[in-house]
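For reference, the structure is listed below as structure tokens.
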Amino acid sequence: MEGYLSKKSRLGAAGRVWQRRWFVLDGTGLRWFEDESKRGDAKGAIGLAHLESAGAAAHKSPTRFLVRCRASAERGSAASVYDFEAPSSAAMGRWVEAVGRLVCARGAREGGGGSGDAALCGEPVEERLAAVPGNGECADCMSSDPKRQPLPAWASTNLGVVFCIRCSGAHRKLGTHLSKVLSIKIDRWSDEQLAWMERLGNAQVNAELEAGLPAGVKPDLVSSSAEQVEAFIRAKYELGSFLAGGDGFVPPAPRRSLQEVGMIEFAGLLFVQLVAGSHLRVPNAWRTASLHCEFRLGERRARSRRCRGSPNPVWGEELAINRCAADEALLVRLIGADLLGRTECLGEGRVRIDDLPREQPTGVDLPLLPSSESARTKAPSLGLVLTYNPLS
Ligand SMILES: [Zn+2]
1 MEGYLSKKSR
11 LGAAGRVWQR
21 RWFVLDGTGL
31 RWFEDESKRG
41 DAKGAIGLAH
51 LESAGAAAHK
61 SPTRFLVRCR
71 ASAERGSAAS
81 VYDFEAPSSA
91 AMGRWVEAVG
101 RLVCARGARE
111 GGGGSGDAAL
121 CGEPVEERLA
131 AVPGNGECAD
141 CMSSDPKRQP
151 LPAWASTNLG
161 VVFCIRCSGA
171 HRKLGTHLSK
181 VLSIKIDRWS
191 DEQLAWMERL
201 GNAQVNAELE
211 AGLPAGVKPD
221 LVSSSAEQVE
231 AFIRAKYELG
241 SFLAGGDGFV
251 PPAPRRSLQE
261 VGMIEFAGLL
271 FVQLVAGSHL
281 RVPNAWRTAS
291 LHCEFRLGER
301 RARSRRCRGS
311 PNPVWGEELA
321 INRCAADEAL
331 LVRLIGADLL
341 GRTECLGEGR
351 VRIDDLPREQ
361 PTGVDLPLLP
371 SSESARTKAP
381 SLGLVLTYNP
391 LS
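Each residue of the sequence shown is one higher than the last, beginning at 1 in the UniProt record's numbering.
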């Protein structure tokens, strides 16, 4: 292929400057000329044997790309990198692809087995994707702790993000028109897909799609149910709820139906709206980096998201818990977690289910014990709205 590109010059008296040249890429390699009319007189060339790879110059500009060359035909010999700028991002994509095809074809002739996919021709897909800012953790649940969740092993080739296996399930449910999911390790990747992923990446995409989320309020998806993860991912990518100026709306997670829960017979369903805490005793910022509530009804538990440790945190969150006939009271515990994730119970309270009116939202200001005996300070409490719906 042929066309005008700008190429950064070698270091000279004037520093490195951009020079517009006419480029020709063919079976001999890449040659350049002062302009299209002076094609007899090449200003420079990179022989085919020296071409190593080409790729988008990640995060610089959508039209810039890099071509890596080796000093001799030996693989792994000293390399140099040339900077190019194409007139458009589409042209950039075509040049990168054309160089990639040429290098692969050469590899196949040399017996290297090149078959046109990047995993065989260039750097491993995994390394290239991991080098993109933000890609060290899952784009959605931010999981980067392999003990809690595996590291990102999946990617959306159109959204340009990488995520963990758990969040990949929710991306698949969005449908391929919204998110095309590929395995980073197993699937075959084209150079074009990789170049696109390198231009985007978790940090850049989240800066846009989560711009409307105030710092620190992202829900803890690692400890949320699969339904809650799906609801968040749908809101983020499908509804654009967290864009700057988005409405922040997360559609409620689908509740489990009785058929799904199997043989246990439930007497009813309790909806718990956790509104806010007041006058909570928070030991200190380090020991109580985050607060969450745990609700227990017999064997079943639900927990709220974590929010920043403060005496008057606001949750505004609704949870649902199934009730068996034998369960008498809802146990509510306020849990503080330190920066290392170690937890401590900061108080608890109980609500008798049979004291609640049926099918009617009821506000409860639940005192937390142990509370201070001193009458001068206000007792810590949690504001809840409880609705109990018995199954007929
Ligand atoms: Zn995840």
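Backbone N, C-alpha and C define an ideal beta-carbon position, used for all residues, glycine too.
Note that this is a predicted model, so its numbers are computed, not measured.
Near residue i, what residues of its chain come up, given a Cβ to Cβ distance below 6 angstroms and the 5 sequence neighbours on each side ignored?
| i | result |
| --- | --- |
| residue 116 | Since pLDDT at residue 116 reaches only 42, below the 50 mark, its modelled position is unreliable, and the value read off the structure follows with that caveat. If we look at residue 116 and ignore the five residues flanking it on each side, its Cβ neighbours are 104. |
| residue 296 | 331 |
| residue 98 | 1, 25 |
| residue 5 | 23, 84, 86 |
| residue 80 | 69 |
| residue 52 | 68, 69, 70 |
| residue 200 | 160 |
| residue 3 | none |
| residue 82 | 67 |
Cβ-heavy atom distance between residue i and ligand 1 below 6 angstroms?
| i | result |
| --- | --- |
| residue 163 | yes |
| residue 305 | no |
| residue 327 | no |
| residue 140 | yes |
| residue 16 | no |
| residue 172 | no |
| residue 167 | yes |
Skipping 5 residues on each side, what residues in its chain have a beta carbon closer than 8 angstroms to that of residue i?
| i | result |
| --- | --- |
| residue 130 | 136 |
| residue 210 | 218, 236, 242 |
| residue 27 | 48, 102 |
| residue 15 | none |
| residue 354 | 328 |
| residue 338 | 286, 287, 288, 289, 344 |
| residue 204 | 59, 133, 134, 160 |
| residue 318 | 252, 271, 272, 273, 274 |
From the DSSP output, read off the bridge partner residues of residue i.
| i | result |
| --- | --- |
| residue 46 | 30 |
| residue 162 | 155 |
| residue 6 | 20, 85 |
| residue 388 | 270, 358 |
| residue 55 | 66 |
| residue 381 | 278, 367 |
| residue 25 | 30 |
Just confirm the distance between the C-beta atoms of residue i and residue j, as a whole number of angstroms; I'd bet it's less than 8 angstroms.
| i | j | result |
| --- | --- | --- |
| residue 289 | residue 323 | Incorrect: roughly 33 angstroms between the Cβ atoms, too far for contact. |
| residue 351 | residue 386 | 6 angstroms |
| residue 141 | residue 152 | No, residue 141 and residue 152 are not in contact; Cβ-Cβ is about 10 angstroms, not under 8 angstroms. |
| residue 45 | residue 29 | 6 angstroms |
| residue 389 | residue 359 | 5 angstroms |
| residue 125 | residue 184 | 6 angstroms |
| residue 223 | residue 303 | 7 angstroms |
| residue 291 | residue 336 | 6 angstroms |
| residue 368 | residue 334 | 6 angstroms |
Output needed for residue i: all residues of its chain with C-beta closer than 7 angstroms, excluding positions within five of it in sequence on either side, in chain order.
| i | result |
| --- | --- |
| residue 276 | 312, 313, 314, 315, 383 |
| residue 168 | 154, 181 |
| residue 220 | 305, 306 |
| residue 178 | 237, 238 |
| residue 106 | 48 |
| residue 366 | 332, 349, 351, 381, 382, 384 |
| residue 156 | 171, 179, 180, 181 |
| residue 250 | 231, 232, 235, 241 |
| residue 33 | 21, 22, 39, 41, 42, 43 |
| residue 301 | 294, 295 |
| residue 173 | 230 |
| residue 309 | 282, 285, 288, 289, 290, 291, 336 |
Regarding residue i and ligand 3, is the C-beta to nearest heavy atom distance less than 6 angstroms?
| i | result |
| --- | --- |
| residue 23 | Absence of ligand 3 is noted for the structure shown, with ligand 1 being the only ligands found. |
Minimum length 3: unbroken beta strand (DSSP E) runs contained in the UniProt domain "C2" (250 to 368): 268 to 278, 290 to 297, 300 to 303, 314 to 323, 329 to 337, 343 to 352, 362 to 367
Whole alpha helix (DSSP H) elements within the stretch 164 to 250, 4-residue minimum: Within the stretch 164 to 250, complete alpha helix (DSSP H) segments of at least 4 residues are found at 165 to 174, 191 to 199, 202 to 209, 226 to 234, given in chain order.
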